[in-house]
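Numbering (the numbering used here), first residue to last: 20 to 514. All remarks here apply to the structure that follows.
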């Protein structure tokens, strides 16, 4: 089979004859191994936001429409809300409806396997086997902590596919085909991270613009048409043009960075992303890795974004191997001859059979959720049914469970819905401002509270007159109002 390849510095493709059998086998082994492993990772189900995503998907399937107003909380009921990840939520709801928690595990494993398989195929095509293995392992190490049953993981295969399309087009010395644009439309309906795809397209176009081997007029025309088409493709969603504006509104929230996934990455401990950055530095400083200047700037930008937010670590692991793979093809052949060598077919069959068996066991064995993190079923079960229908003051992480169980929360993981002012009120409560807690309890007519035992609120509630604790375990503490027959009279605000 002939592949049309080119160096970074040329817009004239070079034809190289090469078989794809090694790339396909390598990609299959990587994907199957990841699939088999993720099926048994309990961390996949630990994010409480998964629960409200499932509920939203169920609502969409039941009403055959995407919600435009909030119907799940009582504090923001009727407020405009953009379910921008609606397609992922439908997929999550279908997976849960098919096989409950097992369905979510299988969906997450399949998404991760597809993404890693695409990365493995591309890097193996351009680099020798040992380097390809290193890049895939670093991608897995970076993505592992964020491997959750949530929309961003469902969209990961599209992140890899879009990036491969861009860098492959640059290698061919041309802009991507317009037939590639549906990938952006699908991505925009799955997850708000599609904005990164537009940024990458603009970056690749700019790199081509400054390539002396390219005709600038052709670059401006061809890449301009593609990038413009990508912007239009991203707006083909139920929200239309608001889809393009949503990421900017979200990132402008001042209190967004109090949420765990938006906090800066912790480099005080050795982690997958730390090792990845150190390896990249080593390759660059030793001259093993030689990138064009603009590609270096792009990788540096990804490093910076990874430092800014924990949520970007996984993207770093997917994108950087694809951006540097072409350059790593310049590294010389491996000069090690192992004494023992398996038949070429053996790894593929071994890993493939392991993946099939793992899937069979995953489907056949029931998966019981244990109470941890934002999942506190035992605590919620202690609340009488009539009390669940009354206003609750809950911890941010319990909002997903409450929505999932049909309880309207005070707050949940939809920070964009609640806004900065409301988030500031909530954060003030959990930061030991007892006077504000009393005001919120009265203003919203709160009849019960649900917080983790390691937060300050349970201790404050223990000291609040008119309240008592009815349940406590290592996951959640429940307080209820002593007299629920009448709503308390709030003191008039100071003039």
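All C-beta atoms, glycine included, are put in the ideal place defined by N, C-alpha and C.
Per DSSP, residue i forms a beta bridge with which residues?
i           : result
residue 499 : 467 and 487
residue 99  : 88
residue 394 : 391
residue 413 : 469
Tell me, to the nearest whole angstrom, how far the beta carbon of residue i is from that of residue j; I am working on the premise that it is less than 8 Å.
i           : j           : result
residue 341 : residue 186 : 6 Å
residue 71  : residue 419 : 4 Å
residue 94  : residue 430 : 7 Å
residue 293 : residue 325 : Between residue 325 and residue 293 the Cβ distance is about 10 Å, and since that is not below 8 Å, they are no contact.
residue 138 : residue 155 : 6 Å
residue 181 : residue 202 : 5 Å
residue 75  : residue 86  : 7 Å
residue 134 : residue 207 : The pair is not a contact, with the Cβ atoms about 17 Å apart (cut-off 8 Å).
residue 469 : residue 414 : 7 Å
residue 214 : residue 266 : 5 Å
Leaving aside the five residues before and after residue i along the sequence, list all residues of the same chain whose C-beta is less than 8 Å from its C-beta, in chain order.
i           : result
residue 197 : 244, 245 and 248
residue 502 : 485
residue 131 : 53, 54, 57, 162, 166, 172 and 175
residue 298 : 153 and 157
CB residue i to CB residue j, shorter than 8 Å?
i           : j           : result
residue 467 : residue 427 : no
residue 68  : residue 144 : no
residue 165 : residue 333 : yes
residue 100 : residue 456 : no
residue 146 : residue 344 : yes
residue 41  : residue 107 : no
residue 398 : residue 497 : yes
residue 51  : residue 374 : yes
residue 112 : residue 77  : yes
residue 449 : residue 411 : no
Can you list, in chain order, the residues of its chain with a C-beta nearer than 7 Å to that of residue i? Leave out the 5 residues immediately preceding and following it.
i           : result
residue 382 : 118 and 121
residue 60  : 166
residue 286 : 293
residue 355 : Legend: pLDDT at residue 355 = 49, less than 50; position of this residue unreliable, value from coordinates given subsequently. Result list for residue 355: empty, nothing under 7 Å.
residue 313 : 225, 226 and 229
Mapping DSSP to helix, strand and coil, what is residue i?
i           : result
residue 482 : coil
residue 494 : coil
residue 42  : helix
residue 153 : helix
residue 419 : helix
residue 191 : helix
residue 378 : helix
residue 474 : coil
residue 223 : helix
Between residue i and the ligand NAD, is the CB less than 7 Å from at least one heavy atom?
i           : result
residue 469 : This structure simply doesn't include the ligand NAD, nor any ligand for that matter.
Please work out which residues of its chain come closer than 6 Å, Cβ to Cβ, to residue i, disregarding the five sequence neighbours upstream and downstream, and give them in chain order.
i           : result
residue 499 : 467 and 489
residue 517 : The requested residue 517 does not occur in the structure, where the chain is confined to residues 20 to 514.
residue 330 : 280
residue 264 : none
Flag residue i as yes if its beta-carbon sits less than 8 Å from any beta-carbon of chain E, otherwise no.
i          : result
residue 78 : Looking at the structure shown, chain E is missing, and only one protein chain is on hand.
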